[in-house]
Amino acid sequence: MQEGNNTEEYIDESEVEKEEGGGWRDKFKNLIEGRYFVPIVIVLIAIIAFSLGRVSGMEEKREPVRVLDNSGEVKGASINTSPPNPSPNLGEGSSALSDTGGNVIASKNGTKYHYPWCAGAKQISEKNKISFNSIEEARAAGYSPASNCKGLK
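Following full-length UniProt numbering, the residues of the sequence shown are numbered contiguously, the last one being 153.
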(Lines of atoms letter the chains of each structure in order from A and count residues from 1; the text may use other names and numbers.)
(Lines give C-alpha, C1' and ligand atoms only; values in the text may rest on other atoms or scores of the structure.)
Protein backbone atom coordinates (compact mmCIF):
# COMPACT_ATOMS: atom_id res chain seq x y z
CA MET A 1 0.00 0.00 0.00
CA GLN A 2 1.20 3.31 -0.91
CA GLU A 3 0.84 6.04 1.55
CA GLY A 4 1.71 8.78 -0.89
CA ASN A 5 -1.56 8.47 -2.75
CA ASN A 6 -3.66 8.88 0.38
CA THR A 7 -3.89 12.62 0.76
CA GLU A 8 -6.58 14.30 2.77
CA GLU A 9 -8.29 17.35 1.43
CA TYR A 10 -9.99 19.97 3.58
CA ILE A 11 -12.93 22.00 2.28
CA ASP A 12 -13.79 25.47 3.49
CA GLU A 13 -17.45 26.01 4.66
CA SER A 14 -17.91 29.03 2.40
CA GLU A 15 -17.27 26.83 -0.63
CA VAL A 16 -20.02 24.41 0.47
CA GLU A 17 -22.65 27.19 0.71
CA LYS A 18 -21.74 28.43 -2.75
CA GLU A 19 -22.14 24.98 -4.21
CA GLU A 20 -25.59 24.54 -2.61
CA GLY A 21 -26.86 27.78 -4.12
CA GLY A 22 -26.23 30.01 -1.16
CA GLY A 23 -27.84 30.29 2.22
CA TRP A 24 -31.26 31.60 3.10
CA ARG A 25 -29.87 35.12 3.33
CA ASP A 26 -28.73 35.02 -0.27
CA LYS A 27 -32.08 33.61 -1.40
CA PHE A 28 -33.97 36.35 0.45
CA LYS A 29 -31.65 38.99 -1.00
CA ASN A 30 -32.23 37.62 -4.51
CA LEU A 31 -36.00 37.67 -3.91
CA ILE A 32 -35.99 41.32 -2.82
CA GLU A 33 -33.76 42.36 -5.68
CA GLY A 34 -35.84 40.43 -8.22
CA ARG A 35 -37.92 42.21 -10.84
CA TYR A 36 -41.27 40.84 -9.58
CA PHE A 37 -40.89 41.79 -5.91
CA VAL A 38 -42.10 45.41 -6.12
CA PRO A 39 -45.18 44.66 -8.29
CA ILE A 40 -46.17 41.80 -5.97
CA VAL A 41 -45.87 44.05 -2.91
CA ILE A 42 -47.98 46.76 -4.60
CA VAL A 43 -50.70 44.25 -5.52
CA LEU A 44 -50.76 42.81 -2.00
CA ILE A 45 -51.05 46.30 -0.45
CA ALA A 46 -53.88 47.16 -2.85
CA ILE A 47 -55.77 43.96 -1.97
CA ILE A 48 -55.36 44.58 1.76
CA ALA A 49 -56.50 48.21 1.44
CA PHE A 50 -59.53 47.22 -0.62
CA SER A 51 -60.49 44.51 1.86
CA LEU A 52 -60.21 46.87 4.81
CA GLY A 53 -62.40 49.39 2.98
CA ARG A 54 -65.04 46.75 2.33
CA VAL A 55 -65.07 45.63 5.95
CA SER A 56 -65.40 49.17 7.29
CA GLY A 57 -68.18 49.93 4.79
CA MET A 58 -70.11 46.83 5.80
CA GLU A 59 -70.17 47.93 9.44
CA GLU A 60 -71.81 51.26 8.53
CA LYS A 61 -74.58 49.67 6.44
CA ARG A 62 -75.41 46.96 8.93
CA GLU A 63 -78.81 47.32 10.58
CA PRO A 64 -78.97 46.93 14.35
CA VAL A 65 -79.91 43.51 15.63
CA ARG A 66 -83.40 43.27 17.09
CA VAL A 67 -84.04 40.68 19.76
CA LEU A 68 -87.61 39.46 20.13
CA ASP A 69 -88.78 37.81 23.30
CA ASN A 70 -91.52 35.17 23.32
CA SER A 71 -94.31 37.75 23.50
CA GLY A 72 -93.18 39.28 20.22
CA GLU A 73 -92.09 42.59 21.71
CA VAL A 74 -88.94 44.22 20.44
CA LYS A 75 -86.42 45.07 23.14
CA GLY A 76 -83.73 47.70 22.91
CA ALA A 77 -85.11 49.50 19.90
CA SER A 78 -87.63 52.22 19.31
CA ILE A 79 -90.31 51.48 16.77
CA ASN A 80 -92.71 53.94 15.23
CA THR A 81 -96.10 52.37 16.00
CA SER A 82 -98.20 55.04 14.32
CA PRO A 83 -99.73 53.93 11.02
CA PRO A 84 -98.04 55.22 7.90
CA ASN A 85 -99.62 58.39 6.68
CA PRO A 86 -99.10 58.79 2.93
CA SER A 87 -98.31 62.38 2.18
CA PRO A 88 -99.24 63.80 -1.20
CA ASN A 89 -96.61 65.38 -3.39
CA LEU A 90 -96.98 69.12 -3.34
CA GLY A 91 -96.88 70.63 -6.77
CA GLU A 92 -96.90 74.35 -7.63
CA GLY A 93 -97.65 75.44 -4.07
CA SER A 94 -101.00 73.65 -3.59
CA SER A 95 -101.80 70.19 -2.29
CA ALA A 96 -103.05 67.44 -4.55
CA LEU A 97 -106.16 66.96 -2.42
CA SER A 98 -107.35 70.51 -2.88
CA ASP A 99 -106.81 70.28 -6.65
CA THR A 100 -109.16 67.32 -7.00
CA GLY A 101 -111.73 68.10 -4.32
CA GLY A 102 -111.72 64.51 -2.93
CA ASN A 103 -109.71 61.73 -1.39
CA VAL A 104 -109.52 59.36 -4.37
CA ILE A 105 -109.57 59.79 -8.13
CA ALA A 106 -110.85 57.47 -10.84
CA SER A 107 -111.32 57.64 -14.58
CA LYS A 108 -114.73 57.65 -16.24
CA ASN A 109 -113.46 54.94 -18.59
CA GLY A 110 -111.48 52.90 -16.02
CA THR A 111 -112.19 50.50 -13.17
CA LYS A 112 -109.48 51.52 -10.66
CA TYR A 113 -109.28 54.37 -8.15
CA HIS A 114 -106.07 56.11 -7.04
CA TYR A 115 -104.83 58.59 -4.48
CA PRO A 116 -104.26 61.97 -6.15
CA TRP A 117 -100.48 61.73 -5.75
CA CYS A 118 -100.15 58.29 -7.33
CA ALA A 119 -98.69 57.89 -10.80
CA GLY A 120 -101.89 56.37 -12.18
CA ALA A 121 -103.96 59.39 -11.12
CA LYS A 122 -101.52 61.75 -12.82
CA GLN A 123 -102.05 59.95 -16.12
CA ILE A 124 -105.82 60.48 -16.16
CA SER A 125 -106.82 63.44 -18.32
CA GLU A 126 -108.76 66.25 -16.62
CA LYS A 127 -111.93 65.66 -18.66
CA ASN A 128 -112.06 61.97 -17.59
CA LYS A 129 -111.28 62.49 -13.86
CA ILE A 130 -113.90 61.62 -11.25
CA SER A 131 -113.17 62.43 -7.61
CA PHE A 132 -114.70 60.68 -4.62
CA ASN A 133 -114.72 61.94 -1.03
CA SER A 134 -113.85 58.51 0.35
CA ILE A 135 -112.71 55.06 -0.68
CA GLU A 136 -116.14 53.69 0.25
CA GLU A 137 -117.81 55.99 -2.31
CA ALA A 138 -115.42 54.79 -5.01
CA ARG A 139 -116.09 51.14 -4.14
CA ALA A 140 -119.85 51.76 -4.10
CA ALA A 141 -119.53 53.19 -7.62
CA GLY A 142 -117.92 49.92 -8.77
CA TYR A 143 -114.25 50.93 -8.71
CA SER A 144 -111.47 48.76 -7.22
CA PRO A 145 -108.11 49.91 -5.77
CA ALA A 146 -105.15 50.37 -8.10
CA SER A 147 -102.35 47.88 -7.44
CA ASN A 148 -99.53 50.36 -8.16
CA CYS A 149 -100.66 52.93 -5.58
CA LYS A 150 -99.26 52.29 -2.10
CA GLY A 151 -101.71 52.44 0.79
CA LEU A 152 -104.80 51.36 -1.14
CA LYS A 153 -106.43 48.10 -0.13
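From the three backbone atoms N, C-alpha and C, an ideal C-beta is built for every residue, glycine too.
1. Identify every residue that forms a DSSP beta bridge with residue 105.
2. So residue 32 is in the alpha helix (DSSP H); what residue range does that whole segment cover?
3. What does a CB cutoff of less than 7 Å around residue 119 pick up in its chain, not counting 5 residues either side in sequence?
4. Thinking residue 56 and residue 103 are a contact (beta carbons under 8 Å), I'd like their distance in whole angstroms, please.
5. Can you check whether the CB of residue 112 is closer than 8 Å to the CB of residue 143?
6. In this structure, how does DSSP classify residue 51 when only helix, strand and coil are distinguished?
7. Looking at the structure shown, is residue 67 part of a helix, part of a strand, or coil, going by DSSP?
So, from the listed chains and residues:
1. Its beta-bridge partners are 114, 131.
2. 24-33
3. 148
4. Contact flag wrong, Cβ pair sits at about 48 Å.
5. yes
6. The answer is helix: DSSP assigns residue 51 an H, G or I state.
7. strand
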